[in-house]
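In the numbering used here, the protein residues as written are 275 to 443.
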């Protein structure tokens with residue numbers, strides 16, 4: 275639990291966006307893992323196995339209720355292609371982008387949101403995601419590409435208008 279608990283909680287929180295539901299999903303996941311530990315065939319894949327269990331628990335919760343707001347993370351900057359910029363105008367534009375990205379991620383279908391979350395926020399490789407979700411690597415790559423493409427389209431549609439942008443130039 276100590277070794278993977280924080281990562282499982284972060285994954286659950288990013289997928290569920292509610293701390294209590296995330297904690298419950300992780301607790302349920304550990305109980306399920308304990309009950310089914312004999313099904314783990316390769317101890318080297320313990321992390322992927324545990325992440326798969328927590329993701330499945332989150333999927334079950336997701337089916338039961340509608341989604342809340344996605345919580346932005348410092349790693350969001352990587353997804354929008356830049357480093358934090360110290361100027362006040364740039365900070366405001368970055369804030370608008372982050373809010374737009376959070377809203378866009380919220381609008382993604384679950385399968386794309388799940389892949390984007392695991393890749394960018396959990397820093398899992400494509401092969402780790404494939405193992406955790408029991409998918410082929412090509413499927414994960416396709417979901418990441420489609421998710422990124424949809425995010426880009428949504429963000430381009432919601433960019434601040436030209437007047438707002440020029441006011442800060």
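Cβ coordinates follow ideal geometry from the N, Cα and C atoms, glycine included.
Predicted, not measured: the structure shown is a model, and the values here were computed from it.
| Query | Result |
| --- | --- |
| For residue 322 versus residue 406, is the C-beta distance shorter than 7 Å? | yes |
| Quick one: using the 10 Å Cβ neighbour count with 16 as the cut-off for buried, is residue 294 buried or exposed? | exposed |
| Quick check on residue 346: does DSSP put it in helix, strand or coil? | Note that residue 346 has pLDDT 47, beneath the 50 cutoff, so the model's placement of it is unreliable and the number below is only indicative. Note: residue 346 maps to coil in three-state DSSP. |
| Which residue comes first and which comes last in the alpha helix (DSSP H) that contains residue 298? | 293–309 |
| According to the neighbour-count rule (16 or more other Cβ atoms, all chains shown, within 10 Å of its Cβ), is residue 278 buried or exposed? | buried |
| Measuring CA to CA, which of 305, 325 and 315 is closest to residue 404? | 325 |
| Give the secondary structure of residue 282 by DSSP, where H, G and I count as helix, E and B as strand, and everything else as coil. | helix |
| From 332, 318 and 289, pick the residue whose C-alpha is nearest to that of residue 302; which is it? | 332 |
| Would you tell me roughly how many angstroms separate the C-alpha atoms of residue 288 and residue 310, rounded to the nearest one? | 25 Å |
| I'd like the span of the alpha helix (DSSP H) that includes residue 423, first residue to last. | 411–431 |
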